[in-house]
Structures are given as C-alpha cells and as structure tokens.
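Remarks on the structure that follows.
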C-alpha cells in the first residue's frame with residue numbers, strides 16, 4: 110500500500126520501522142500550529158460546506174459536483190498493477206445498479222485469507238450478465254413460483270373461474286403467478302401495438318392479443334429447467350383436461366416444445382366515453398343564441414346547480430396509442446368502448462415502449478410472469494389452455510444473425526467466392542481495393558476525354 114502525504118512517502122516497510130506510540134519527525138516538520146482560525150477556514154475552503162443559518166432550502170436538490178467513490182468500495186494498490194483510469198472505471202461501474210453500459214468493463218479484486226492482493230481481472234458486459242443470471246438462478250430456484258424446479262407446481266390446484274378454470278395456490282387460495290426463464294423466438298412474435306390482429310372481418314381489433322413463443326434458453330443456466338417447466342405444465346394440464354387434445358399453451362415446432370404466451374391488448378371500459386364534447390352553454394343556451402345540434406351523451410346535468418357532472422375522459426395511453434395507419438379507422442371507432450393496456454415489458458426498471466417491444470423481445474432471454482388458465486368448451490372436442498402474461502423482464506438482449514455482405518456488391522463485378530472464415534475480411538478488402546481502382550480508372554478516362 111502507498112499513500113501520499115505532501116512529499117513524504119509512507120509505505121508498509123517504513124511503517125513497520127516506526128516505534129510504537131511515536132510520530133516520525135518528517136510528519137512533525139510538516140505540521141503548523143496556529144491560533145489564527147482564518148488560516149484553517151482558508152485551507153478548508155472548497156472541502157467543507159459553509160455554515161449558513163438561513164432557512165433558504167432552494168439548493169437542497171442540487172446535484173453534487175463530486176461523486177463519492179469511496180462509498181462504492183476500496184482496495185489497496187501500489188498503482189503498478191492498475192492505472193488511475195482503470196481504478197476510476199471500477200468505481201463508476203459500481204454506480205449502475207442493474208448493469209453497466211455495453212462497452213464498460215468491470216474490475217474485481219481477489220481476496221485471500223482476508224488479505225487484499227493486487228490481482229485484477231476484467232469481465233465484459235456479456236459475461237457480467239451471465240454472472241448476474243447465475244445469481245438470479247439461485248434466487249428464483251429457491252422461490253415457490255419458479256416452475257423450472259422438480260416441485261414447481263406441487264402447491265397449485267385448479268379452481269373455477271368466470272370462463273373456465275384458473276391455477277391457484279393451494280394454501281393461499283389466490284391466483285398462482287408462475288415464473289419461467291426462456292428465449293423468445295422470432296416466429297409468431299406479435300407484440301406490436303396491433304398484436305396479432307390481421308383484418309376486421311377475421312376478428313375485430315378489440316379482441317387482438319399480444320403473443321410470443323418461449324423456447325429453451327440454450328447456453329444458459331436456465332436451459333435444463335425449461336424442459337422441467339414443460340413437464341410440470343403438462344402435468345398440471347392433465348389434472349383438469351377431459352380430452353387428449355390439449356391446445357394453445359404448449360405448442361410444438363417439429364420436435365421442439367415451446368410455451369405460447371398471450372395477453373389482451375384492449376380492455377373494455379367500465380364507463381363508456383362520450384364521442385362528442387358537450388358544454389354547459391350548449392345545453393342551457395343562456396344568451397338566446399342558436400342551440401347546439403350536438404346531442405348530450407352520457408352526462409349528468411342539473412338546472413339547480415347549473416353544472417354538468419364529470420363524464421369519463423379519454424385516457425392518455427389510449428389516446429396516444431401508436432396503432433398502424435391501416436388500422437386507424439377501426440381503432441378510432443372502438444377506443445370509446447375499449448382502452449389500450451401496454452404489455453409490461455421491462456429493460457432494467459424502464460418500460461419498453463409499445464412500438465419497440467417486438468425488436469426488444471426478438472431472441473432475448475427473458476423472465477416471464479404469467480397466470481395459467483383452462484377454458485371451458487361446450488363441445489369438449491379439445492381442451493384449451495392459456496398462459497396469460499403478467500410481466501416480462503429482459504435478462505439478456507437478443508442477437509441478430511450477421512448478414513452476408515455479398516448482396517451489396519454490384520452484380521456486374523462478377524461472381525464472388527466463399528473463402529475461409531479467416532480470409533473473409535481480406536477478401537472484402539480486396540473487393541474494396543478493386544472498386545477503388547476501377548473508380549480511379551474511370552476518373553482518369555473522364556479527365557482525358559474532357560482535356561484541352
């Protein structure tokens with residue numbers, strides 16, 4: 110360890126040489142004794158806040174000019190194994206409660222036998238997220254709502270609901286909110302503002318649903334548990350089913366089993382919203398002018414108090430719902446009876462906006478909270494089950510497939526060759542050099558033809 114006190118170096122070796130209960134002369138030589146309090150005030154200026162007895166609290170919410178890194182942890186170092194910039198990066202990275210920025214690197218300190226050693230290594234953002242998932246795995250697997258464990262649904266039973274049955278906790282008699290971790294597939298991903306809506310004559314817009322399918326998060330600590338969750342859900346289905354045909358929740362893509370999640374986009378309003386604005390002057394016509402042709406709708410009016418009751422108003426979420434233009438007319442005709450409910454998808458603590466949900470979920474590893482339902486069918490030709498989305502947390506963003514750059518080449522430049530992976534970049538550079546040489550020759554030809 111090395112600290113600096115003026116021009117005096119104090120290291121571990123010199124400290125061991127000090128006599129007990131003594132102060133080195135080098136330190137005493139740098140100490141000044143003075144009864145002048147003004148000197149103390151001058152030296153403390155900029156470090157200590159000035160005392161102020163005034164009651165002015167206008168600056169209480171100002172942001173500090175200094176970030177107190179000492180509150181984020183400390184380490185001993187002789188500054189030969191770590192630079193000042195790296196140490197600063199370590200402190201700043203600990204300011205992020207959820208995850209560091211994409212390009213950030215985190216610094217860790219190895220501690221052996223309670224002695225901090227100057228051993229440092231780095232973990233990039235992706236590795237950090239994997240490490241976070243390991244901690245999350247320990248937390249989830251110990252909880253009663255995680256269905257990826259062997260006994261994940263042992264405390265769950267079916268109870269009658271308005272339109273069928275719902276899975277409830279046996280002891281608490283309340284709806285069971287299951288938790289699972291998986292990877293969202295790009296197929297049948299319909300979580301945009303219009304959900305799975307196609308055309309009005311097939312199904313009305315107000316019945317549209319958000320929908321996505323969840324598969325095994327391969328390469329993750331949750332991968333094996335996903336298969337256990339499928340088995341647990343199949344066992345729960347078997348307890349209520351009356352047929353061998355069970356649909357809509359557990360689906361298959363060839364031999365791969367997936368879980369299909371849905372959620373209603375629009376909920377019926379408890380109070381309908383008037384389609385026309387109504388004003389008191391229109392109703393009373395106090396000044397004897399021409400009466401309004403607008404017929405009052407859904408208002409409570411009394412002559413005694415000369416007032417109109419407070420009719421329900423359009424909520425901001427529905428009023429600003431980013432529905433695609435081709436569905437705008439249909440949306441405008443139903444928004445007075447139904448309100449939009451955004452899908453609860455979170456990146457960290459921030460809600461993903463409705464127009465961004467599809468992109469955010471594609472290929473992402475997510476933690477899904479959902480309620481399990483069984484729908485009663487009179488003909489009983491098959492049993493229908495549903496995984497009703499309550500909340501989605503993005504644990505790791507999806508990665509898109511890298512596309513070939515060959516299509517961006519001019520078709521007149523001749524055929525391309527598939528080279529080894531290590532040579533692709535060289536091949537691309539060769540293509541670029543060839544195109545540059547071609548442009549140069551064209552420039553020379555043009556210059557020659559336009560000469561004096």
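Numbering (this note's numbering), first residue to last: 110 to 561.
Just so it is clear, CB atoms sit at the ideal spot from N, CA and C, and this is done for glycine as well.
The model shown is predicted, which means the values in this text are computed figures rather than measured ones.
CA-to-CA distance, residue j to residue i, given in whole angstroms
i	j	result
residue 330	residue 287	19 Å
residue 365	residue 341	16 Å
residue 467	residue 345	30 Å
residue 449	residue 381	14 Å
residue 353	residue 459	42 Å
residue 378	residue 435	24 Å
residue 438	residue 483	34 Å
residue 493	residue 315	21 Å
residue 256	residue 499	15 Å
residue 312	residue 367	25 Å
residue 519	residue 526	14 Å
residue 608	residue 274	Only positions 110 to 561 of the chain appear in the structure, and residue 608 is not among them; the question remains open.
residue 491	residue 357	10 Å
residue 485	residue 272	6 Å
residue 423	residue 443	12 Å
residue 508	residue 471	8 Å
residue 283	residue 265	10 Å
residue 252	residue 465	31 Å
residue 503	residue 125	53 Å
residue 250	residue 121	46 Å
residue 333	residue 299	27 Å
residue 254	residue 328	23 Å
residue 214	residue 501	Annotation note: pLDDT 35 at residue 214 (below 50); position unreliable, coordinate value reported separately. Straight-line Cα distance between these residues: approximately 27 Å.
residue 336	residue 456	25 Å
residue 452	residue 523	49 Å
residue 309	residue 447	16 Å
residue 426	residue 320	20 Å
residue 384	residue 276	39 Å
residue 428	residue 463	14 Å
residue 112	residue 123	Residue confidence is low: residue 112 scores 45 on pLDDT, short of 50, so the model does not pin down where it sits. Its coordinate-derived value is still stated next. Roughly 12 Å separates the two Cα atoms.
residue 279	residue 441	44 Å
residue 285	residue 244	24 Å
residue 355	residue 305	21 Å
Buried or exposed (CB count within 10 angstroms, at least 16 for buried), residue i
i	result
residue 177	Note that residue 177 scores 45 on pLDDT, short of 50, meaning its location in the model is unreliable and no value can be drawn from it.
residue 521	exposed
residue 481	buried
residue 292	buried
residue 302	buried
residue 421	exposed
residue 323	buried
residue 432	buried
residue 496	buried
residue 247	exposed
residue 403	Any reading at residue 403 needs caution, since the residue's pLDDT is 44, under 50, leaving its predicted position unreliable; the model's value is listed next. That one is exposed.
residue 505	buried
N- and C-terminal bounds of the alpha helix (DSSP H) containing residue i
i	result
residue 332	332-347
residue 376	From DSSP, residue 376 is part of no alpha helix (DSSP H) but of the beta strand (DSSP E) over 375-377.
residue 425	425-428
residue 124	121-125
residue 439	437-443
residue 265	First-last for residue 265: 265-270, but that is the beta strand (DSSP E), not the alpha helix (DSSP H).
residue 469	466-470
Nearest-angstrom beta carbon gap, residue j and residue i [assumed within contact, 8 Å]
i	j	result
residue 461	residue 469	5 Å
residue 454	residue 326	About 17 Å separates the two Cβ atoms, so there is no contact after all.
residue 372	residue 318	6 Å
residue 289	residue 338	5 Å
residue 479	residue 370	6 Å
First and last residue of the uninterrupted beta strand (DSSP E) at residue i
i	result
residue 481	474-484
residue 448	447-449
residue 454	454-456
residue 287	286-293
residue 434	No beta strand (DSSP E) contains residue 434, which DSSP labels as neither H nor E.
residue 360	359-362
residue 381	From DSSP, residue 381 is part of no beta strand (DSSP E); its letter is neither H nor E.
residue 504	492-505
residue 318	318-324
residue 278	273-278
Would you call the segment 251-264 and the segment 293-301 touching, i.e. three or more CB-CB distances under 8 Å?
Touching, no, given that fewer than three Cβ pairs across the two stretches are closer than 8 Å.
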